[in-house]
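Take 1 as the starting number for the sequence shown in our numbering and just add one per residue.
We put the beta carbon where it would ideally sit given N, CA and C, even for glycine.
Predicted, not measured: the structure shown is a model, and the values here were computed from it.
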Amino acid sequence: MIKKVLISFCIFILYTTNAMAQTNHQIQIIDIKKGKVIKNVQKNPDLQQEVEKFLEGIAGVYVKMNPYPNNGFVIKIPLEPTVMVKNQWFNDLVDEVMIIFPVQENPYLLVFDNENQPYFFKFQGNTSKFLGLLNFKP
């Protein structure tokens with residue numbers, strides 16, 4: 001079951017990556033239920049800095065049978081330059097972060113290692129400030 005969900009999610013991400021190749025320097029906000037990008041935001045240093053704080057604030061592995069919710073939104077953020085994340089759960093360069101905002105839970109991070117293995121993490125950070133910088137109100 002988990003493998004099916006992860007495979008479906010990876011296919012979704014590959015689809016949105018290929019379909020939006022021209023926007024790879026933009027942050028994408030994706031509605032999970034609709035399965036499509038609802039907003040593109042031009043990346044800037046303030047947004048990158050906030051995401052780096054989230055990566056520094058990784059507080060543990062997000063463990064749930066189905067890590068990908070049926071409802072909510074995902075914010076897909078390309079990182080340039082890449083960011084080295086080194087903690088007890090992950091040690092690799094990260095060039096893209098996805099912040100998953102389920103409807104009735106705290107947000108969590110999805111990052112991929114250099115072999116494209118997905119990792120879900122709980123984190124500490126002020127997502128309200130980040131959403132304000134995106135000018136996005138869920």
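Could you have a look at residue i and say whether DSSP puts it in helix, strand or coil?
i, result
"Gly132", "helix"
"Glu80", "strand"
"Gln49", "helix"
"Glu115", "coil"
"Glu105", "coil"
Is it right to say residue i is buried, meaning 16 or more other beta carbons lie within 10 angstroms of its own, or is it exposed?
i, result
"Pro107", "buried"
"Gln28", "buried"
"Phe55", "The question names Phe, but residue 55 in the sequence shown is Leu. It counts as buried."
"Glu50", "buried"
"Met98", "buried"
For a cutoff of 7 Å on Cβ pairs, would you count residue i as touching chain C?
i, result
"Lys122", "The structure shown has no chain C; it contains just one protein chain."
Just to confirm, are residue i and residue j a CB contact at a threshold of 7 Å?
i, j, result
"Gly57", "Gly125", "yes"
"Gly132", "Phe101", "no"
"Val41", "Leu109", "no"
"Asp92", "Asn114", "yes"
"Val83", "Val111", "no"
"Phe120", "Pro67", "yes"
"Lys122", "Tyr62", "yes"
"Lys43", "His25", "yes"
Item to check | contact_flag[the stretch 25-37, the stretch 72-84] where n(CB pairs < 8 Å) is 3 or more | outcome: yes
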